[in-house]
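Be aware that the sequence shown starts at 1, since it is given in the UniProt record's numbering, and climbs by one per residue.
Each residue gets a CB set at the ideal place from its N, CA and C atoms; glycine is no exception.
Take a look at the structure below.
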Amino acid sequence: MKVAFLGLGVMGYPMARHLKDKGHEVTVYNRTAAKAERWVAENGGRAAPTPKAAAEGQDIVFSCVGNDDDLRAVTIGPDGAFAGMKPGAIFVDHTTASAEVARELHAKAKEMGLGFVDAPVSGGQAGAENGVLTVMCGGDAADYAKAEPVIASFARACRLLGPSGAGQLTKMVNQICIAGLVQALSEGIHFAKKAGLDVEAVISVISKGAAQSWQMENRWKTMNEDKFDFGFAVDWMRKDLGICLAEARHNGAHLPVTALVDQFYSEVQRLGGNRWDTSSLIARLDR
1 MKVAFLGLGV MGYPMARHLK DKGHEVTVYN RTAAKAERWV AENGGRAAPT
51 PKAAAEGQDI VFSCVGNDDD LRAVTIGPDG AFAGMKPGAI FVDHTTASAE
101 VARELHAKAK EMGLGFVDAP VSGGQAGAEN GVLTVMCGGD AADYAKAEPV
151 IASFARACRL LGPSGAGQLT KMVNQICIAG LVQALSEGIH FAKKAGLDVE
201 AVISVISKGA AQSWQMENRW KTMNEDKFDF GFAVDWMRKD LGICLAEARH
251 NGAHLPVTAL VDQFYSEVQR LGGNRWDTSS LIARLDR
């Protein structure tokens, strides 16, 4: 297919590469044009000066940007992608954003004869680089059916969870679960150290039982060594948890642990850990 990718950050850069590797014709746009030119030099395809120019003539336009306002900036307005997309084309957004903006842009796209799928991802930078992301989608079934085979270029799991906004709501569930798991693992490792236990021996045993998790399998060792340069940054997690807490105020959900862990992450930021990965919750216990 002819596709465009808007936003070449730590996630978008390799995701766009996988699209090219799978044989799709790829046009890229990035707010910093030099990064788009570098991507083209490494992968082929072409770079466009605006989201509108990138979107012209494409079957699917992908995006992965920072937040709600960044998403609006690349979709609507005279230079936005929607203004350049042909009737029947589909916009697939991989940004972690609010369900509200997903519904807003879905409605706008429909007015213009376009498709819109909110499709936030999980798996972090490593998942993007290895093409094994998990993608949570919201939108119309017909649009999803057209987009899913192309999304598969960089995903190992992809599912439509419901109407517009359902993908973003599912990503919120994902982040809520991660926050609680990482805090519990941090406290467990911290307790084991204070108790004079061999942390490696402890983890080798309990990871075979009910306490096992992806976080335990992949992060206990670096957490124990105070190394926090392995993925999703604290600043980004606080942005995501802020979205979760705002949605909870809207829908009436009670998230006491999530709210508490969000404040714990603010303590990590005060330690200078803005760009440490999310497993750095243990730092506030050990210092």
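Handout entry: Which of helix, strand or coil DSSP assigns to V61
Key = By one-based count along the sequence shown, residue 61 stands at place 61. Correct three-state label for V61: strand.
Handout entry: Residue ranges of each beta strand (DSSP E) within the region 139 to 214, 3 or longer
Key = 155 to 162
Exercise for the section: Look at A259 and Q168 and say whether their C-beta atoms are less than 8 angstroms apart. Expected result: Walking along the sequence shown from the start, residue 259 turns up at place 259. Walking along the sequence shown from the start, residue 168 turns up at place 168. Going by C-beta atoms, A259 is not nearer than 8 angstroms to Q168.
Handout entry: Beta-carbon gap between S153 and H24 smaller than 8 angstroms
Key = Translated into positions along the sequence shown, residue 153 becomes position 153. Translated into positions along the sequence shown, residue 24 becomes position 24. Yes; because the gap between Cβ atoms is below 8 angstroms, this pair is in contact.
Practice task
Consult DSSP for I282 and reduce its assignment to one of helix, strand or coil.
Solution key: As a working note, residue 282 is residue 282 in the sequence shown. Looking at I282 - three-state DSSP - the assignment turns out to be helix.
Handout entry: Pairwise C-alpha distance: Q125 and V10
Key = To locate residue 10, count along the sequence shown from 1; it is residue 10. To locate residue 125, count along the sequence shown from 1; it is residue 125. Taking the straight line from one Cα to the other gives about 6 angstroms.
Practice task
Tell whether a beta-carbon distance below 8 angstroms holds between A179 and L241.
Solution key: Here residue 179 corresponds to residue number 179 of the sequence shown, with the count starting at 1. Here residue 241 corresponds to residue number 241 of the sequence shown, with the count starting at 1. Taking 8 angstroms as the Cβ cut-off, A179 and L241 qualify as a contacting pair.
Handout entry: Assigned exposure category for D198 - 16 Cβ within 10 Å defines buried
Key = The count along the sequence shown starts at 1 and reaches residue 198 at position 198. Result: exposed.
Exercise for the section: Look at the Cβ atom of V268, then the Cβ atom of V234, and state whether they are nearer than 8 angstroms. Expected result: Working through the sequence shown from its first residue, we reach residue 268 at position 268. Working through the sequence shown from its first residue, we reach residue 234 at position 234. Yes, the pair counts as a contact, with Cβ atoms nearer than the cut-off.
Problem - Closest residue to V205 among A195, K194, G196, E217 (Cα-Cα distance) - result: For the purposes of this step, residue 205 is identified with residue 205 of the sequence shown, where counting begins at 1. For the residues A195, K194, G196, E217, the minimum Cα distance to V205 belongs to E217.
Problem - Local Cβ density within 10 Å of W170, reported as buried at 16 or more and exposed below that - result: Translated into positions along the sequence shown, residue 170 becomes position 170. Residue identity differs from the one stated: residue 170 is Thr in this sequence, not Trp. Buried, by the Cβ-count rule.
Problem - Sufficient close CB pairs (3 or more, under 8 angstroms) joining the region 183 to 197 to the region 144 to 159 - result: The region 183 to 197 vs the region 144 to 159: no contact.
Problem - Own chain residues within Cβ distance below 6 angstroms of G131, not counting five before or after - result: Residue mapping note: residue 131 aligns to position 131 of the sequence shown, counting from 1. Counting only Cβ-Cβ distances below 6 angstroms, and skipping sequence neighbours, we find H18, F154.
Practice task
List the residues that DSSP assigns as beta-bridge partners of M136.
Solution key: The count along the sequence shown starts at 1 and reaches residue 136 at position 136. R159.
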